[in-house]
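A.B. asks: The structure follows.
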Amino acid sequence: MKKGLILLGVISGGLVIVFFWVGNNLDGLVKNAIETYGSQMTGTKVRVDSVSIRPTKGVGIVRGLVVGNPPGFRTPYALRVGEIFLSLDVGSVARRVILIRDISVSSPDLLYEKANGTTNFDVLERRIAEHAPSSSGHATKQENGKKLIVGRLVIRNAKVRVSASFMKGRTISLGLPDIVLRNIGKSEGGVPPGELGRKVGDALKQKLERTVNFGALARSMGDSLNKATNAMKGFFGQ
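Residue numbering for the sequence shown is -7 to 230, as defined by the working numbering.
Below, the structure written as structure tokens:
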């Protein structure tokens, strides 16, 4: 009996220490999780400046998110985000489907680069898809995990810098219209986190493809180069 009480005390004390440690290091744990699993999913270096979590209020803020480029691309990164704000229904956290009220992505800086017949975002999309297979192919595995419904997701004040192999690391800046998605995963009864990321990535990719025309960019730069060459020939009397 005495040994049983000692063991119970040790276990209870250990649980208190664990909960205390997690409670005081939650921001650090989330930061490490984003960097670790983000890097695994994208196959690139993912880093975060800081994370601020307020569990009782259901609010989280991620600042300074940077997603590196896959090998073969010259620009220093694919995506850099100033701030991501998330608000969720605290009562849904214990349930199988978590309800996220709002995700706001502010001032993302995208480096959209084309090389070897593909773009850096195409490569990232394929790698994420490999780690987040569709629910139709792996239903049993995903049914046991948490799913998400997002009421509203907004990407605002985005800046896109475009590059291609013929530009040798140089970029051209373009504006990108705001992106607003509503009720993500609602019709499906929730989607896994990887599927949420794919839906957001698809929306972003569509905006990029509508905004950026690499063929026109190549022709434009070719015309500019020809004009500059002709001007130099004229200057030297050739």
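Idealized CB from N, CA, C, for every residue including glycine.
Using a threshold of 8 Å, state whether the C-beta atoms of residue 76 and residue 143 are closer than that.
C.D. replies: In this structure, residue 143 does not lie closer than 8 Å to residue 76 by Cβ.
A.B. asks: Assign residue 155 to buried or exposed, taking buried as 16 or more other Cβ atoms, counted over all protein chains shown, within 10 Å of its Cβ.
C.D. replies: Buried: at least 16 other Cβ atoms inside 10 Å.
A.B. asks: Pull up the distance between the alpha-carbon of residue 49 and that of residue 116, whole angstroms please.
C.D. replies: One C-alpha to the other measures close to 33 Å.
A.B. asks: Just to confirm, is the Cβ distance from residue 90 to residue 23 under 8 Å?
C.D. replies: Not closer than 8 Å, so no.
A.B. asks: Bridge partners for residue 166 per DSSP, in chain order?
C.D. replies: Paired residue(s): 152.
A.B. asks: May I have the straight-line CA-CA distance separating residue 123 from residue 88, to the nearest angstrom?
C.D. replies: Between residue 123 and residue 88, the C-alpha separation is close to 21 Å.
A.B. asks: Work out the CA separation of residue 61 and residue 151 for me, nearest whole Å.
C.D. replies: Rounded to whole angstroms, residue 151 to residue 61 spans 17 Å at the Cα level.
A.B. asks: Skipping 5 residues on each side, what residues in its chain have a beta carbon closer than 8 Å to that of residue 43?
C.D. replies: Contacts found: 19, 20, 22, 23, 26, 52, 53, 54 and 55.
A.B. asks: Taking Cβ positions, are residue 148 and residue 98 nearer each other than 8 Å?
C.D. replies: Yes, the Cβ-Cβ distance between residue 148 and residue 98 is below 8 Å.
A.B. asks: Contact check, residue 188 vs residue 176 under 8 Å by CB: the rounded distance?
C.D. replies: Contact holds; Cβ gap of about 6 Å.
A.B. asks: With a 10 Å radius around its C-beta and 16 neighbouring C-beta atoms as the bar for buried, classify residue 85 as buried or exposed.
C.D. replies: Classification for residue 85: exposed.
A.B. asks: Apart from the five residues just before and just after residue 162, which ones in its own chain have a Cβ nearer than 7 Å to its Cβ?
C.D. replies: Closer than 7 Å at the Cβ level, and outside the excluded window around residue 162, lie 155.
A.B. asks: Note down, in chain order, each residue of its chain lying with its Cβ closer than 6 Å to the Cβ of residue 82, except the 5 sequence neighbours on either side.
C.D. replies: Contacts found: 50.
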